[in-house]
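Let me begin by presenting the structure, written as structure tokens, before commenting on it.
Residue numbers (the working numbering): 59 to 347.
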């Protein structure tokens, strides 16, 4: 049975327990994550007393409400504790389309809907030895990594969150015009909470003078390492230090049951960069009404 619940009606312990035990669990779907990214303005479809759940982020406009995809939340959709519940996906979408006149929502890679729009991400499975993964790198990545033998660049596993945010603002903010000051405040809160919950970490590359060249925040949850936010300075881009940073993460988590999710991209140049690590292109559906 499907039930549509408003935010205050959601039983968060049951919700999070459902995500914990979902066959397609993703960190974006936890109540704490949605509370930050959707600013506690999300509702839900509940199936059979939290055997499956479907988060519904909502924006309020004067004349109507819109279902939307929050920033820093790549995939949502239907999360199920048993694969049999995937057959409820069409019912969930029909309910949303009946209830809302405007919808733009990313589902997840295990939500299969024919004839829908799609977006792209890139996955690299880390359940092989580092040598095996390295062997599949492109010649460009291998060449760049070898060049660091002659450069003094260090990988640092700690960077104050405030410094990371300012670094991202400086080198990404001017390119991502849709990100406003309030979105960086939200991002800082999200990173702080993720690190407090041991669900993520910051890693950076520094030069000999201790200047940050590249930095990334990685979500770590549900057997995923998600390359959520990253930036490089002009010197970092010139010296390809993000390649070294990503390689350090791969090296650390090789032979473990993780998938490195590069979170995109629809931009060919960025997608090609991810593919140089032998990442596989994966698509997921989008509801757009």
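Cβ coordinates follow ideal geometry from the N, Cα and C atoms, glycine included.
Since the model is a prediction, treat every value here as computed from it, not as a measurement.
- Taking the C-beta atoms as reference points, residue 337 is found nearer than 8 angstroms to residue 181.
- At least 8 angstroms separates the beta-carbon of residue 185 from that of residue 301.
- In this structure, residue 147 lies away from residue 166, with their beta-carbon atoms at least 8 angstroms apart.
- Under DSSP, residue 239 takes part in no beta bridge, so it has no partner.
- When secondary structure is reduced to three states using DSSP, residue 310 falls in the helix class.
- At the C-beta level, residue 315 and residue 84 stay beyond 8 angstroms of one another.
- Rounded to the nearest angstrom, the gap between the Cα atoms of residue 332 and residue 306 is 15 angstroms.
- Straight-line measurement puts the Cα of residue 87 at about 26 angstroms from the Cα of residue 310.
- The segment 259-273 makes no contact with the segment 231-245, as fewer than three CB pairs between them are under 8 angstroms.
- The DSSP-derived three-state label of residue 160 is strand.
- Residue 265 sits away from residue 230, with the two beta carbons spaced by 8 angstroms or more.
- According to the DSSP assignment, residue 338 belongs to no alpha helix (DSSP H) but to the beta strand (DSSP E) extending over 338-346.
- The shortest C-alpha to C-alpha distance from residue 151 to any of 136, 255 and 142 is the one to 136.
- The DSSP-derived three-state label of residue 122 is coil.
- By the CB criterion at 8 angstroms, residue 287 and residue 245 fall inside the cutoff.
- For residue 318, the pairing in a beta bridge is given by DSSP as 182 and 283.
- In the structure shown, the three-state DSSP call for residue 63 is strand.
- Annotation for residue 221: the continuous alpha helix (DSSP H) segment containing it runs 219-226.
- Looking at 347, 329 and 70, the one whose alpha-carbon comes closest to that of residue 339 is 329.
- Put simply, of 117, 124, 81 and 77 the residue whose alpha carbon is nearest the alpha carbon of residue 108 is 77.
- Inclusion of residue 158 and residue 200 in the CB contact set at 8 angstroms is not warranted, their separation being larger than that value.
- When DSSP states are grouped into helix, strand and coil, residue 278 belongs to the strand group.
- Approximately 6 angstroms separates the beta-carbon atoms of residue 125 and residue 116; this is inside 8 angstroms, confirming the contact.
- Bridge partners of residue 331 according to DSSP: none are assigned.
- Nearest in C-alpha terms to residue 346, of all of 171, 221 and 293, is 171.
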